[in-house]
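The opening position of the sequence shown corresponds to residue 8 in our numbering, with each subsequent residue numbered one higher. Positions of the beta carbon are idealized from the N, C-alpha and C atoms, including for glycine. Working notes, beginning with the structure itself.
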Amino acid sequence: MPTNTRIEIEDMITVGTLAERLSIPVSKLITELMKNGVMATVNERIDFDTAQIIVEDLGLDISLTKKSNEKTKEFLRKKSEPSSKAISRPPVVAVMGHVDHGKTTLLDKIRSSNIAQKEAGGITQHINAYQVNYKDRYITFLDTPGHEAFAAIREHGAQLTDIVVIVVAADEGIKPQTVEAIRFAKKAGVKIIVAINKIDKEGSDPNRIKQQLSENDLLVEEWGGDTLVVEVSAKTGEGIDNLLDMILLVSDIEELRADIDVPARGLIIEARLETGRGPIARALVDEGILKVGDFIVAGISYAKVRTLENDQGQSIQSATPAMPVTIIGFKTLPEFGDSFKVYATEKEAKDEFNDAIKQQKSNLSKLNIGSNELIRLINRNNQVQEFNVIVKADVQGSLKSVIDSLKSLDNEEVAVRFVGSGIGPVTENDIHLAHTSKAIIYGFNVTLPNTSKQQAKRDEVTIRQYNVIYELIDDVKEELSRLLKPEIIETEVGKLTIKGVFKTTKTEIICGGEVISGKLQIPSMAKIIRNKSEIATVEVSNIKKGSSDAKVVYEGEMCGLNLKTKQKLEIQEGDRLVVFTRQLQERKL
Ligand code: GDP
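Put into structure tokens, the structure is as follows:
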């Protein structure tokens, strides 16, 4: 058997090839897979994660590494290093923080005071990315359904934001979602600016927040650290110019630049079907200039760009780096998080598109078991409790965020099972599916037509609608917690030494003893200890103090007691009773 070997394998590998590479018989590998609930024949493929688990289970001293697919890597790589010809580009900023700390108000305030031209009829459309003009420079803001979305993009190896503004309400301080946002931003390696918001409110205490920040590894500049902090009020507008100045300062220090004389590429940040307009994709250009008439491929979707629109819905001819743009012309909906790239000719784009489709088909035909799925299979015998859900959301980006966040709640005991998901209102079909699969429907930013409402009532299907992703996640967490078996908590209340045994039957012992510590009460349980080992657990059903019944006796007191047993027990003088109470405690996820 090879020792300390590193073996490189592809993302997917056939069972036969893997056995060969590991120098073990195919039958051994198949048996191990079966033990893990994976039924695969010699020619079927398993994914990298499965292979890794199996190699560990087999106890082989081999470490597997993933062979990188050069093409994918090239396509999804991080923003390329700009050349010497690169020009400066606007920063891309995301605003994160705990719910109700003022993210939306802050973004609205920034947008309404710094937009070059006001849209007719005010800001009505739902836009998840836009640019503001401040001191003749542009800043791109992303309104995010949750940082899970960013995490999902990052998993693909790409980076969306340059700066994260973490909003903390001065009157509430750091909350769990603030900590999550800090952790996320640090992991993503982006610059952090903390906006202490609501300073207009009475009782706001910015210094307390700075203290809390330092407890979370963010030492503010004025205390010798390098975390930038701005005090603002999204309500009155105070301090917002400072925040924008700070954003520009950080982008100057970071020297954010992008090439423009290269084929355009970027990321899809939203995709949805619009009545009358077909598939609509919103994207952020990373480099190059995207133009009307360009041929592009995003994931497994192809487009000849028919129309480009800026963040105000105005038709434009081209989009430059860091500019959010709506692309019309896709034949099918791309996915949130897909990278897109422009090809020089229609033929090149179509070839790439056909390759991508082929790749996807072959992926689907493979036995594609991910690691989560495997954990579930492994635990099938241990009965993982599943919570069935159907998720409906307004746009692809939010749907992906919701699903990704819910998937991360799975553990060895409980799991979310997605019976269905999709974009758009909750339909009667969804309700039918929920009814047959005993699922709960979660709607995120979607409507519930009256017909569906009535159908749900008839079928007794539960529909829960949310506009805040964290609340939706918390709800599912609650449901999953309910599926967790309660924990049994044993609390010792006292000890007693047996001084005499009066009567022993198959189910009962009457004896007497002295409480040597704590107390003895009914009802309670007791462990019988002899020579330091436990010989049985019994129930204390009655206590007598003298000749009368008692509920409780304390240290130093003598008492008579009835013990209920499951089988005949020989209790002896000198045995110890350790008395305890047992409580069921609900567990939380
Ligand atoms: P989000 O959940 O983080 O997007 O928070 P919102 O922007 O929806 O704000 C939550 C609440 O706080 C709303 O009632 C806002 O009016 C209020 N709010 C936001 N910013 C401020 C502020 O600077 N001062 C005061 N007094 N209230 C604010």
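query: Is it buried or exposed, Leu256, if we count other Cβ atoms within 10 angstroms and call 16 or more buried?; result: exposed
query: Could you tell me the alpha carbon to alpha carbon distance between Gly427 and Asp411, rounded to whole angstroms?; result: 14 Å
query: Which runs of the beta strand (DSSP E) spanning at least 3 residues fall entirely within the segment 34 to 61, listed in chain order?; result: 52 to 54
query: Kindly list the residues whose CB is nearer than 6 Å to the CB of Ile5, restricted to its own chain and excluding five residues on each side of it in sequence; keep chain order.; result: No information on residue 5 is available, as it lies outside the stretch 8 to 596 that the chain covers here.
query: Does the distance from the C-beta atom of His105 to that of Asn204 stay below 8 Å?; result: no
query: Can you tell me whether Lys365 sits near the ligand GDP, meaning its C-beta is under 7 Å from at least one heavy atom of the ligand?; result: no
query: Measuring straight from C-alpha to C-alpha, what distance separates Tyr141 and Lys198?; result: 20 Å
query: For Lys464, which residues of its own chain have a beta-carbon under 7 Å away from its beta-carbon, when the five flanking residues on both sides are left out?; result: none
query: Count the other CB atoms, across all protein chains shown, that sit within 10 Å of the CB of Ser34; report buried if there are 16 or more and exposed otherwise.; result: exposed
query: How many Å lie between Thr458 and Arg279 at the Cα?; result: 23 Å
query: Only counting the same chain, and skipping five residues up and downstream in sequence, which positions put a Cβ closer than 6 Å to that of Gly519?; result: Lys506, Gly507 and Gly567
query: How about Val201: is its Cβ closer than 7 Å to a heavy atom in the ligand GDP?; result: no
query: Mind checking whether Asp192 and Leu113 have CB atoms under 8 Å apart?; result: Reading the sequence as shown, one finds Ala at residue 192 and not Asp. No, they are not a contact pair.
query: Could you tell me which of Ile550, Asn549 and Ser524 sits nearest to Gly563, measuring between CA atoms?; result: Ser524
query: What do you reckon, are the CB atoms on Leu250 and Ala329 nearer than 8 Å?; result: no
query: With a floor of 4 residues, list each alpha helix (DSSP H) that falls wholly inside the segment 160 to 239, ordered by position along the chain.; result: 183 to 195 and 213 to 222
query: On the three-state DSSP scale, how would you describe Leu67?; result: coil
query: Could you pull the start and end residues of the beta strand (DSSP E) that Gly519 belongs to?; result: Glu515 to Gln528
query: Is any beta-carbon of chain D found at less than 8 Å from that of Val102?; result: Structure shown: chain D not included; a single protein chain is present.
query: Here's a check: name, in chain order, each residue in its chain whose Cβ is nearer than 7 Å to the Cβ of Asp437, leaving out the five neighbours to either side.; result: Ile397, Lys399, Gly427 and Ile448
query: Pro89 to Ile206, Cα distance in whole Å?; result: 40 Å
query: Could you tell me whether the segment 170 to 183 touches the segment 208 to 215, where touching means 3 or more Cβ pairs closer than 8 Å?; result: yes
query: In whole angstroms, what separates the C-alpha of Ile430 from that of Asp401?; result: 5 Å
query: Could you tell me the distance, in whole angstroms, from the CA atom of Gln528 to the CA atom of Asp582?; result: 18 Å
query: Taking 8 Å as the threshold, find out whether the segment 483 to 502 comes into contact with the segment 587 to 595 through three or more Cβ pairs.; result: yes
query: Gly109: beta carbon under 7 Å from a heavy atom of the ligand GDP?; result: yes
query: For Val559, which residues in the same chain have their Cβ closer than 8 Å to its Cβ, ignoring the five residues on either side in sequence?; result: Lys526, Leu527, Gln528, Ile529 and Ile550
query: Measure the alpha-carbon distance for Thr6 versus Gly196 and round it to whole angstroms.; result: This structure gives no information on residue 6, because the portion of the chain shown stretches from 8 to 596.
query: So, at 7 Å on beta carbons, what are the nonlocal neighbours of Thr454 in its own chain, with the 5 sequence-adjacent residues on each side left out?; result: Pro432
query: By alpha-carbon positions, which one of Phe451, Asp466 and Gly450 ends up nearest to Ser444?; result: Asp466
query: Should Ile287 and Ser325 be called a contact, given that it needs their Cβ atoms to be closer than 8 Å?; result: no
query: Just to confirm the assignment, what range does the alpha helix (DSSP H) spanning Gly23 have?; result: Val22 to Leu29
query: Taking the runs of the beta strand (DSSP E) that are 3 residues or longer, which of them lie wholly in the segment 396 to 476?; result: 421 to 430, 447 to 451 and 470 to 473
query: What's the gap between the Cα of Glu42 and the Cα of Leu36?; result: According to the sequence displayed, residue 42 carries Lys and not Glu. Their Cα atoms are separated by approximately 10 Å.
query: For the ligand GDP, I want to know if Thr112 counts as a neighbour, meaning its beta carbon is within less than 7 Å of at least one of the ligand's heavy atoms.; result: yes
query: Count the other CB atoms within 10 Å of the CB of Glu228; is the residue buried (16 or more) or exposed (fewer)?; result: exposed
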